[in-house]
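Note that the numbering used here gives residue 691 to position 708 of the sequence shown, counting from 1, and the numbers run on in steps of one.
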Amino acid sequence: MEKLMTNKLSKLAFALAGAAMLTVAGCGGGGSNGDSTGGSGGGDVVVSTTSVPVTVIDGAIEKATVCLDKNLNGICDSGEPSGKTDIDGKVTLQIDIADANKYPILAVVGIDAVDKDHGPVKTPFTMQAPADKPAVVSPLTTLVQSVMASTGASSADAEASIKAQTGLNVSLFSDFSKDNTADSQAAGTVARMVVLTTQQQSTLLSSTVGSSAIDGAVIKQADLDKIIQNRLLEILPALLTALADPSVLNAAPADKDAVLLAQANALVNSPDTGIPTTAVTTLVAINNQTASPSVVAETPTAGGTLRSLKFTDSANWSVRALVSTLAQNTPDASNNVKYVSRRYNSVGGAVAAWNNGGSPNRQADLHFNGSSWVGCALNSENTSTVRDAKGNSIYNDCDKMETGSSNRAVFDIAGRPMIDVYNQITAAGYTNLSITSAPTVLGTTQFPVGAKLLYQSNTPLTTAVAYYPGSSSYVTQYSAAVSSGGIASTQGATVGCNSSEFKNTNGTASATLEGMIGAMTGTPCVFGQGQFTYNSVIYTSPDAVDEAWGNSTVGIGTLGTAPVGFGSAPGFYSGNTKLRVAFKGTGTNPVTYYACKERFNNGSTRNCTEIGTGTYTIATQGDARVMALSNPPLIASSLGYQRVFVERNGKIYAGYQNNPTTTKTARLNLVATNALASQLGLPTVDPEAPLALTRTSYSGEWVISDPVAADGSTTIRIDGNGNVTCTWIDSTGNGTDPCTLTFTDLAKGAFTLTDDYGIATGTLNFLTGAASGTFADTDGSNGSFVGVRR
């Protein structure tokens, strides 16, 4: 990881929470001396307390008010044990033994406070520490406590979640200011960025204090503190990406705070990461509801929620709904209910249906559930505990693909105009429901009786290692002659970097992790200044040499979504950044990370720059071996996942493990969902009718070939609109043929394919991505074929 240099925090020594017991005697029948309570009889009443030392840091913070937040309201109230920190950020609280390790520690940092490293505090803010980890209160313990408050997780599990997202290698409960290690400096920089973002967001929202939330409650500063802390969990990937900006990495120590402040301002003013003032009235009401338990007994019924919607028009839209039959919504002996995810996508009126994954083919993804590799079967059930009085539940998606906690607030929207509800959702910063031309298509229609709006946050605590089993996930490698790279002009016309292997192939599929490691040497093929022609225009590289790194590095992800090979060319490069690794460096199992440019015309990897180092580990998981990479660069956090490599069944797959990032969504219950669907001209949702596959559920590329005469292949491409094209490649060349694909059994993927050369019948397996069948050509030849989804 790049060293994230910050102004050094002073070295502080702090005592761990002690167990010194103080016994205080009060006078029977009299008053109290502050640490004891009077009894009603004639005897003495003994109250035992314990001394709990606390250190408050960003730098050490003097004059912070520290208390035991017994009523969990984010305020140090009268009667709660409290004290002020000294110049070293230290204070000792006297806490009743009965309250020890029971309530979080709260630090209120006002404008009278002084940060030893950063000077007088100009904008107040609050921080917290978990009840069982009271020794240090810092921005990092605040993140941990926020996870605990929203999920009910233990401090250990909440810390693991934050560390998985940030990549920090120190205890989040420690005083990171006590040493000079790169890991502690990284922790200090993340902590400082959290503080500055908190302060800038608080300033932006300060005008809302004293106004009313949508539930009529008066908004207090403590309400803002809570919604800001919740938002920080949601934007952690963006915050880490900001820290990886060159302006931060290259800043001199004296300038670091100003540079971080600029990044914090960018975060809070962005519609993607900041909280606008228009969102406060809704966000505060959500927190008010979940903080005030209310038990509402409900009779189980079939139901569902609209999880996401992107509506362009009645022929072009996408929907995700979570549904439960009556039986699934009836709690079992473990107090669990079940639900099924359904996804629909319409392109020009052609509707694809599937359950899990961002596209139909990704329902084939396999993950390790702790004992075996499993997938999400069609109409597979997920589980969730029955929600408690605070709206919390524990969920398990697709047999441990993801487990975590969700929190939900529910608002009645019966009789309210759909456009008003939609505007409230978008004003609150929720983006999972999107309707083009909403005022026009929604008009004055109102939601019917029984319609509910649900605001939900999901915080994953575990995510599984997973991979897509299609051929597009295969890791490929070149021969030693090509992977060793070199200066192309010094090599023979058909050798190494000038060989047909390099020019005309992507290499061959890797079979073992050791083979992949040996081939990824981090030595590019170096050519003269690059140039290509696109749409009759010649584009020349701005770099003096054209370094090709695809021969000796393996990808871990791409940052950016700029088009490649189509549309207007922005220049020689697309503008995207390709993150790659090679297995080189010092020490045991070394890894070197690179940021690379992407050539526009073909997407190839060019001109890489080293951005960090780490190591790799290989572990056995079921019948597979999995390689994990340590210490990825901060810039990789915006990918949303950690790259892993899975060796299974003689192939190496580029796999992933999703980062456990908190997400927020606005949802509609089944009554509201179907009312909105009817208004938009979309199909309504019936929880009792299982999802059925459609023609475009099989969209993607299926590559088939004769297993005996392996002299070529045919690719059947099914587009999102249902159109089909067939391309072929063999020893004589390649081309495209008109073809017709007819499904005879959508549930089984049974099909008939005809083209100018003959007819083929077989099956496309929706879940496994395997293809098989027989063919009969017009020339009288016939045989069988096998295939795989790309």
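For each residue, glycine too, the CB sits at the ideal point set by N, CA and C.
Since the structure is predicted, the reported quantities are computational estimates derived from the model, not experimental observations.
Same chain, Cβ closer than 8 angstroms to A552, five either side skipped, listed in chain order: Y517, N518, V520, Y522, F583, N584
Give the DSSP-derived three-state secondary structure of N590 in the structure shown. strand
Using 8 angstroms as the Cβ pair cut-off and three pairs as the minimum, do the stretch 103 to 116 and the stretch 127 to 144 touch? yes
Roughly how many angstroms lie between the CA atoms of R589 and Y451, to the nearest whole one? The straight-line gap from Cα to Cα measures roughly 26 angstroms.
Less than 8 angstroms separating the beta-carbons of V306 and V668? yes
Over what stretch of residues does the beta strand (DSSP E) that includes G558 continue unbroken? 556 to 565
Quick check on the DSSP output: the beta strand (DSSP E) that includes S291 runs from which residue to which? It spans 286 to 296 - the beta strand (DSSP E) in which S291 sits, taken as one unbroken run.
Per DSSP, what kind of secondary structure is P690 in: helix, strand or coil? Reduced to three states, the DSSP call for P690 is coil.
What residue ranges within the stretch 108 to 191 form continuous alpha helix (DSSP H) runs of no fewer than 4 residues, ordered along the chain? 122 to 134, 138 to 149, 165 to 188
Quick check on DSSP: helix, strand or coil for P314? In this structure, P314 counts as coil in the three-state DSSP scheme.
Give me the Cα-Cα distance between V120 and N270, rounded to the nearest whole angstrom. Their backbone Cα atoms lie some 23 angstroms apart in a straight line.
State the beta-bridge partners of T442 as determined by DSSP. S388
How long is the line joining the alpha carbons of S15 and A397, rounded to whole angstroms? In this prediction, S15 has a pLDDT of 29, which is less than 50 and means its spatial position is unreliable; what the coordinates show is noted afterwards. Near 54 angstroms, if we compare the C-alpha coordinates of A397 and S15.
Considering only C-alpha positions, which residue in the set G597, L496, N489, N338 is nearest to F749? N338
Does the separation of the CB atoms of S160 and I40 fall below 8 angstroms? yes
Nearest residue (CA-CA) to A463, options L729, S472, V478: V478
Just to check, is the beta-carbon of P220 closer than 7 angstroms to a non-hydrogen atom of the ligand NAD? Here there are no bound small molecules, and the ligand NAD is not part of this structure.
Please return the same chain residues whose Cβ sits closer than 6 angstroms to the Cβ of E559, not counting the five positions on each side in sequence. Checking the sequence shown, residue 559 turns out to be Asn, not Glu. Cβ within range, chain order: T541, G543, A545, E581.
Does the separation of the CB atoms of F628 and L496 fall below 8 angstroms? yes
To the nearest angstrom, how far is it from the Cα of T68 to the Cα of K105? 17 angstroms
With the cut-off set at 8 angstroms, would you say T677 and L729 are in Cβ contact? T677 places its beta carbon less than 8 angstroms from that of L729.
Using three-state DSSP, classify A(-2) as helix, strand or coil. Confidence at A(-2) is low in this model, with a pLDDT of 29, below 50, so its placement is unreliable and the value that follows should be read with caution. Coil.
Excluding the 5 residues preceding and the 5 following G433 in the sequence, name in chain order all residues of the same chain whose CB lies nearer than 7 angstroms to its CB. Sequence-distant Cβ neighbours of G433 in its own chain, meaning closer than 7 angstroms and more than five residues away, are A397, V654.
Assign G718 to one of three DSSP states: helix, strand, or coil. strand
With a 10 Å radius around its C-beta and 16 neighbouring C-beta atoms as the bar for buried, classify F549 as buried or exposed. exposed
Exposed unless 16 or more other CB atoms sit within 10 angstroms - verdict on V130: Under a 10 Å Cβ-count criterion, V130 is classified as buried, with 16 or more other Cβ atoms of the shown protein chains found around its own Cβ.
Just checking my contact of T273 with N390 at CB under 8 angstroms: how many whole Å lie between their CB atoms? 6 angstroms
Could you pull out every residue in the same chain whose Cβ sits closer than 6 angstroms to the Cβ of G332, ignoring the five residues on either side in sequence? A298
Spatial neighbours of N641 in its chain, beta-carbon cut-off 6 angstroms, leaving aside the 5 residues before and after: T446, Y624
Return the CA-CA distance between F510 and C591, expressed in angstroms with no decimal places. 14 angstroms
Select from T181, D606, Q246, L612 the residue whose C-alpha is nearest the C-alpha of G633. D606
Cβ atoms of P87 and A47: under 8 angstroms apart, would you say? no
Compare the Cα-Cα distances from D198 to each of V574, T571, S275 and report the closest residue. The shortest C-alpha to C-alpha distance from D198 to any of V574, T571, S275 is the one to S275.
F510 in three-state terms, based on DSSP: Three-state result, F510: strand.
Which of the three DSSP states, helix, strand or coil, is assigned to V771? In this structure, V771 counts as strand in the three-state DSSP scheme.
Taking just the CA atoms, how far does S137 sit from G9? Only weak support is given to the placement of G9: the predicted model assigns it a pLDDT of 31, under 50, and the value that follows is read from those uncertain coordinates. One C-alpha to the other measures close to 37 angstroms.
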